[in-house]
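Asks: Structure provided below as structure tokens; questions to follow.
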Amino acid sequence: MVDAPAERLESRPFAVESHGLDVIGESEHKGLPRSLFWPWFGSNAGLLGLSYGSFALGFGISFWQALIAGVLGIVCSFLLCGFIAVGGKRGSAPTMVLSRAAYGVRGNRVPAAISWILNVGWETVLIAVATTATATVFGRLGWGGGTGVKVAALIVVGALTVAGGVMGFDMIMRLQTVITVVTGVLTVVYMALVAGHIHWHTVSAVHSGSFQEFIGALVFMMTGFGLGWVNAAADYSRYLPRSTSNRSIVGWITFGASLAPILLLLFGLLLAGSSSSLSSAIAIDPVGALTTILPTWFLLPFAVVAVLGMVGGAVLDIYSSGLALLAVGVRIPRYAAAGIDGVLMTVGAIYIVFFSSSFIGQFQGFLTTLGVPIAAWCGVILADLALRRRGYDEHDLFRPRGRYGDVRVAPLVVTLGGTALGWGLVTNTTAGWLDWQGYLLKPFGLGGRTGAWAYANLGVLTALVLAFAATLFLFRNRIHAQEQQPYSEPAPEGEVEVVEA
6 MVDAPAERLE SRPFAVESHG LDVIGESEHK GLPRSLFWPW FGSNAGLLGL
56 SYGSFALGFG ISFWQALIAG VLGIVCSFLL CGFIAVGGKR GSAPTMVLSR
106 AAYGVRGNRV PAAISWILNV GWETVLIAVA TTATATVFGR LGWGGGTGVK
156 VAALIVVGAL TVAGGVMGFD MIMRLQTVIT VVTGVLTVVY MALVAGHIHW
206 HTVSAVHSGS FQEFIGALVF MMTGFGLGWV NAAADYSRYL PRSTSNRSIV
256 GWITFGASLA PILLLLFGLL LAGSSSSLSS AIAIDPVGAL TTILPTWFLL
306 PFAVVAVLGM VGGAVLDIYS SGLALLAVGV RIPRYAAAGI DGVLMTVGAI
356 YIVFFSSSFI GQFQGFLTTL GVPIAAWCGV ILADLALRRR GYDEHDLFRP
406 RGRYGDVRVA PLVVTLGGTA LGWGLVTNTT AGWLDWQGYL LKPFGLGGRT
456 GAWAYANLGV LTALVLAFAA TLFLFRNRIH AQEQQPYSEP APEGEVEVVE
506 A
């Protein structure tokens with residue numbers, strides 16, 4: 006079947022997307038690489054990016070060290086997303102379906118489960134932050150910021166997120182365009198209003214930190230930005246025509262995803278470096294604390310940009326978490342999976358908003374702990390993509406007896422081994438339930454859990470690099486043999502793994 010011209014394929018934002026894990030048909034390919042700018046910019050343009058300035062300085066480093074660590078961490082991590090998104094164009098399937106080529110059809114359920122947990126965790130954090138920020142704004146306006154407001158805000162923000170996730174691709178692409186424009190304009194206004202609170206002499210006086218602390222901030226930025234998206238990177242490029250330029254996909258994703266975070270980080274560093282009290286408040290209420298330096302008349306517009314920014318990220322997360330849940334093996338429609346994740350997201354947000362007393366400690370622990378296995382998975386997939394010279398066999402991605410196999414033990418061992426090694430090289434002392442990590446710091450001569458390297462979180466980088474190298478050198482012949490096989494015909498009924506009603 007011949008591809009329909011991209012410009013003639015109309016989106017239907019108010020129709021529920023029918024696709025789940027299935028491969029997008031040739032006649033449904035649409036869009037241009039630059040269309041990827043909108044979802045990636047909109048999902049990373051939230052005001053939470055300002056708070057990363059405080060988070061980075063919290064590692065005990067200077068403004069310039071934090072800025073360099075942030076820019077490197079943001080751009081490099083989103084480059085990884087761009088590379089993985091190329092697989093979406095090649096295979097026209099979601100990220101966690103393409104991952105089956107490396108792990109096997111059923112073996113891939115392990116990384117799919119980790120991906121699902123990460124996505125649900127991220128959407129939970131974003132909804133909780135939006136709820137808390139809304140309550141803070143209402144409190145400052147004198148309209149009450151107690152339990153009632155928090156419940157109402159949680160319902161509204163949660164409903165918007167679930168609705169976008171259930172409706173699917175076309176709605177998300179349309180929604181993200183609106184979010185990008187609105188949040189972009191209002192964020193610029195916010196910066197203009199609070200610019201007077203920046204005091205360069207105070208910022209420049211912040212002492213420099215050690216190399217280990219710089220690396221810790223760099224890794225935190227990577228896990229907080231691009232490494233939190235790699236497991237969903239192909240979900241939005243799978244609709245592009247197969248003739249789309251790989252460079253264009255990587256370029257537009259990296260540019261769109263990095264632009265807002267870098268600008269927000271720069272401004273956030275200037276604000277946090279100018280006021281230690283503001284920096285401390287951000288650790289408790291990351292977005293709501295930013296209202297303390299605003300004039301009253303802008304509080305409602307601030308609430309709008311805060312909520313939209315969080316929803317922009319959460320919508321992409323809930324869409325991809327639904328796909329990941331299907332990839333685990335749950336046999337329900339995609340929209341039902343998004344609904345289930347919405348319920349879990351709401352329960353998690355309730356805990357954070359009403360029962361958790363410390364945000365940044367638990368948040369950092371969450372990012373680092375799940376960042377390690379995701380980094381290992383990312384290393385495997387990047388090497389797998391680099392070794393392939395042909396497109397995926399779309400039928401065998403769903404057939405356990407096809408070329409990709411049922412359970413590939415070796416890649417799973419590499420991923421689990423990289424995770425075990427990585428967890429041994431990270432620490433999370435602010436999250437008590439994670440104090441078992443860092444068990445290799447002392448044996449490796451890195452000073453133990455209280456040494457100079459304890460907070461560098463080397464485990465994330467170690468898992469990524471070792472998994473990439475192991476896949477590149479150990480599985481080259483297997484992948485080459487796979488690509489020598491002729492493309493398969495559709496499997497007989499009953500032989501394909503059915504994942505959706």
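Letter by letter, the sequence shown follows residues 6 to 506 of this note's numbering. The beta carbon of each residue, even a glycine, is placed where N, CA and C say it ideally should be.
#1: Quick one: what's got a C-beta closer than 6 angstroms to Arg13's C-beta in the same chain, skipping five residues either side?
#2: Kindly indicate which three-state DSSP category Phe230 falls into: helix, strand or coil?
#3: Within its chain, find whatever has a CB closer than 7 angstroms to the CB of Gly65; leave out the 5 residues flanking it on each side and keep chain order.
#4: Would you call Ile289 buried or exposed, if buried means 16 or more other Cβ atoms sit within 10 Å of its Cβ?
#5: Shortest alpha-carbon distance to Ala341 belongs to which of Val190, Gly427, Ser326 and Cys383?
#6: In terms of alpha-carbon separation, which member of Leu264, Gly344, Val80 and Leu41 lies closest to Thr228?
#7: Flag this pair as yes or no: are the beta carbons of Phe480 and Pro416 separated by less than 9 angstroms?
#8: Compare the Cα-Cα distances from Val418 to each of Thr455, Leu232, Gly112 and Leu330 and report the closest residue.
#9: Could you tell me if Asp389 is buried or exposed, where buried requires 16 or more neighbouring beta carbons within 10 angstroms of its beta carbon?
#10: Roughly how far, in whole angstroms, is the beta-carbon of Leu123 from the beta-carbon of Ile379, given that I think they are within contact range, below 8 angstroms?
#11: Look at the alpha carbon of Leu180 and the alpha carbon of Thr166, and state the distance between them as a whole number of angstroms.
#12: Quick one, are the C-beta atoms of Gly261 and Trp45 less than 9 angstroms apart?
#13: Going straight from the alpha carbon of Tyr324 to that of Gly273, what length do you get?
#14: Please tell me whether Val412 and Leu313 are closer than 9 angstroms, where the distance is taken between their beta carbons.
#15: Given that a residue counts as buried once 16 or more other Cβ atoms are within 10 Å of its Cβ, and exposed if not, what is Glu128?
#16: Assuming Phe439 and Thr374 make a contact with CB atoms under 8 angstroms, what is their CB distance in whole Å?
#17: Considering only their Cβ atoms, is the gap separating Ala332 from Met101 smaller than 9 angstroms?
#18: To which residues of the same chain is Ala90 closer than 6 angstroms at the C-beta, ignoring the five residues directly before and after it?
#19: Do Phe230 and Ala61 have their beta-carbon atoms positioned less than 9 angstroms apart in this structure?
#20: DSSP on Phe371, reduced to helix/strand/coil?
#21: Can you list the alpha helix (DSSP H) stretches of 4 or more residues lying completely in the segment 24 to 52, in chain order?
#22: Alpha carbons only, please: which of Gly87, Arg95 and Tyr57 is nearest the one belonging to Ala74?
#23: Does the beta-carbon distance from Trp382 to Thr432 come in below 9 angstroms?
#24: Could you round the C-beta distance between Ala311 and Ala135 to whole angstroms and report it? I think they count as a contact, below 8 angstroms.
#25: Identify, in the order they occur along the chain, each residue of the same chain with its Cβ nearer than 7 angstroms to the Cβ of Val208, setting aside the five sequence neighbours on each side.
#26: What residue range does the alpha helix (DSSP H) around Ile132 cover?
#27: I need the straight-line Cα distance from Arg395 to Gly30, nearest angstrom please.
#28: Considering only C-alpha positions, which residue in the set Val171, His400 and Ser32 is nearest to Tyr492?
#29: Compute the Euclidean distance between the alpha carbons of Ala118 and Ala294, then round it to the nearest angstrom.
#30: Can you tell me whether DSSP reads Asn433 as helix, strand or coil?
#31: Keeping to the same chain, check which residues put their C-beta closer than 8 angstroms to that of Val142; ignore five residues upstream and five downstream.
#32: Of all the options Gly96, Gly63 and Gly422, which has the alpha carbon lying nearest to the alpha carbon of Ser282?
#33: Between Val199, Tyr356, Leu392 and Ile357, which has its C-alpha nearest Thr301's C-alpha?
#34: What is the DSSP secondary structure of Val414, reduced to helix, strand or coil?
#35: From this set, Val194, Gly221 and Ser284, which residue's C-alpha is nearest Leu299's C-alpha?
#36: Shortest alpha-carbon distance to Met315 belongs to which of Pro116, Leu330 and Gly169?
Replies: Straight from the coordinates:
#1: The count along the sequence shown starts at 1 and reaches residue 13 at position 8. The pLDDT assigned to Arg13 is 37, lower than 50, so where the model puts this residue is not dependable; a value taken from the coordinates is nonetheless given after this. Nothing listed; no residue qualifies.
#2: As a first step, residue 230 must be located in the sequence shown, where it is residue number 225. Residue state for Phe230 is assigned as coil, using DSSP reduced to three classes.
#3: Along the sequence shown, read from residue 1 onward, the residue named residue 65 stands at position 60. Leaving aside the five residues that flank Gly65 on each side, the residues in its chain whose CB is nearer than 7 angstroms to its CB run, in chain order, Gly214 and Glu218.
#4: Counted from its first residue, the sequence shown places residue 289 at position 284. When all chains shown are included, Ile289 counts as exposed.
#5: Within the sequence shown, numbered from 1, the residue matching residue 341 stands at position 336. The candidate whose alpha carbon is nearest that of Ala341 is Ser326.
#6: Translated into the one-based positions of the sequence shown, residue 228 becomes position 223. Across the set Leu264, Gly344, Val80 and Leu41, the C-alpha of Val80 shows the shortest separation from the C-alpha of Thr228.
#7: Within the sequence shown, the letter at position 475 stands for residue 480. Within the sequence shown, the letter at position 411 stands for residue 416. Using a Cβ distance threshold of 9 angstroms, Phe480 and Pro416 count as a contacting pair.
#8: Position 413 of the sequence shown, counted from the first residue, corresponds to residue 418. Residue Gly112 holds the alpha-carbon nearest to the alpha-carbon of Val418 among Thr455, Leu232, Gly112 and Leu330.
#9: As a first step, residue 389 is located in the sequence shown; it is residue number 384 there, counting from the start. Asp389 is buried by the Cβ-count criterion.
#10: To locate residue 123, count along the sequence shown from 1; it is residue 118. To locate residue 379, count along the sequence shown from 1; it is residue 374. That belief holds up - the Cβ atoms of Leu123 and Ile379 are roughly 6 angstroms apart, short of 8 angstroms.
#11: Here residue 180 refers to the residue found at position 175 of the sequence shown. Here residue 166 refers to the residue found at position 161 of the sequence shown. For Leu180 and Thr166, the distance between alpha carbons rounds to 11 angstroms.
#12: Translated into the one-based positions of the sequence shown, residue 261 becomes position 256. Translated into the one-based positions of the sequence shown, residue 45 becomes position 40. It is a contact, given that the beta carbons lie within the stated cut-off.
#13: Locating residue 324 in the sequence shown gives position 319, where the first residue counts as 1. Locating residue 273 in the sequence shown gives position 268, where the first residue counts as 1. Rounded to whole angstroms, Tyr324 to Gly273 spans 29 angstroms at the Cα level.
#14: Here residue 412 refers to the residue found at position 407 when the sequence shown is read from its first residue. Here residue 313 refers to the residue found at position 308 when the sequence shown is read from its first residue. No, the Cβ-Cβ distance between Val412 and Leu313 is not below 9 angstroms.
#15: Along the sequence shown, one-based indexing puts residue 128 at 123. Buried is the call here.
#16: On the sequence shown, residue 439 is found 434 positions in, with the first residue counted as 1. On the sequence shown, residue 374 is found 369 positions in, with the first residue counted as 1. One detail in the question is off: residue 439 reads as Leu in this sequence, not Phe. Contact holds; Cβ gap of about 6 angstroms.
#17: Position 96 of the sequence shown holds residue 101. Position 327 of the sequence shown holds residue 332. Going by C-beta atoms, Met101 is nearer than 9 angstroms to Ala332.
#18: As a working note, residue 90 is residue 85 in the sequence shown. So the qualifying residues of the chain are Ala238, Ala239, Ser242, Ile254 and Ile258.
#19: On the sequence shown, residue 61 is found 56 positions in, with the first residue counted as 1. On the sequence shown, residue 230 is found 225 positions in, with the first residue counted as 1. It is not a contact, given that the beta carbons lie outside the stated cut-off.
#20: Reading the sequence shown from its first residue, position 366 is the one you call residue 371. Of the three classes helix, strand and coil, the one that applies to Phe371 here is helix, per DSSP.
#21: Listed in chain order, the alpha helix (DSSP H) elements of length 4 or more contained wholly in the segment 24 to 52 are 42 to 47.
#22: Here residue 74 refers to the residue found at position 69 of the sequence shown. Nearest to Ala74 by alpha-carbon distance, out of Gly87, Arg95 and Tyr57, is Tyr57.
#23: Locating residue 382 in the sequence shown gives position 377, where the first residue counts as 1. Locating residue 432 in the sequence shown gives position 427, where the first residue counts as 1. Between Trp382 and Thr432, the C-beta gap is not smaller than 9 angstroms, which leaves the two residues out of contact.
#24: Here residue 311 corresponds to residue number 306 of the sequence shown, with the count starting at 1. Here residue 135 corresponds to residue number 130 of the sequence shown, with the count starting at 1. Between Ala135 and Ala311 the Cβ distance is about 6 angstroms, and since that is below 8 angstroms, they are a contact.
#25: Residue 208 sits at position 203 when you count from the first residue of the sequence shown. Excluding positions up to five away in sequence, the list reads Phe68, Leu275, Gly278 and Ser279.
#26: In the sequence shown, residue 132 corresponds to position 127, counting from 1. Element bounds for Ile132: Arg114 to Arg145.
#27: Locating residue 395 in the sequence shown gives position 390, counting from the first residue. Locating residue 30 in the sequence shown gives position 25, counting from the first residue. Per the coordinates, the alpha-carbon of Arg395 lies some 18 angstroms from the alpha-carbon of Gly30.
#28: Position 487 of the sequence shown, counted from the start, is the residue given in the question as residue 492. That would be His400, whose Cα lies nearest to the Cα of Tyr492.
#29: Walking along the sequence shown from the start, residue 118 turns up at place 113. Walking along the sequence shown from the start, residue 294 turns up at place 289. Their backbone Cα atoms lie some 34 angstroms apart in a straight line.
#30: For the purposes of this step, residue 433 is identified with residue 428 of the sequence shown, where counting begins at 1. In this structure, DSSP gives Asn433 a state outside helix and strand, which the three-state scheme calls coil.
#31: On the sequence shown, residue 142 is found 137 positions in, with the first residue counted as 1. For Val142, same chain residues with a beta-carbon under 8 angstroms away, outside a window of 5 residues either side, are Gly150, Gly293, Thr296, Leu304, Leu305, Phe307, Ala308 and Ala311 in chain order.
#32: For the purposes of this step, residue 282 is taken as the residue at position 277 of the sequence shown. Answer by Cα proximity: Gly63.
#33: Within the sequence shown, the letter at position 296 stands for residue 301. Here the closest residue by C-alpha is Val199.
#34: In the sequence shown, residue 414 corresponds to position 409, counting from 1. Shown here, Val414 sits in a helix according to DSSP, grouped into three states.
#35: What you label residue 299 is simply residue 294 of the sequence shown in a count that begins at 1. Across the set Val194, Gly221 and Ser284, the C-alpha of Val194 shows the shortest separation from the C-alpha of Leu299.
#36: The sequence position of residue 315 within the sequence shown is 310, counting from 1. Nearest option by C-alpha distance: Gly169.
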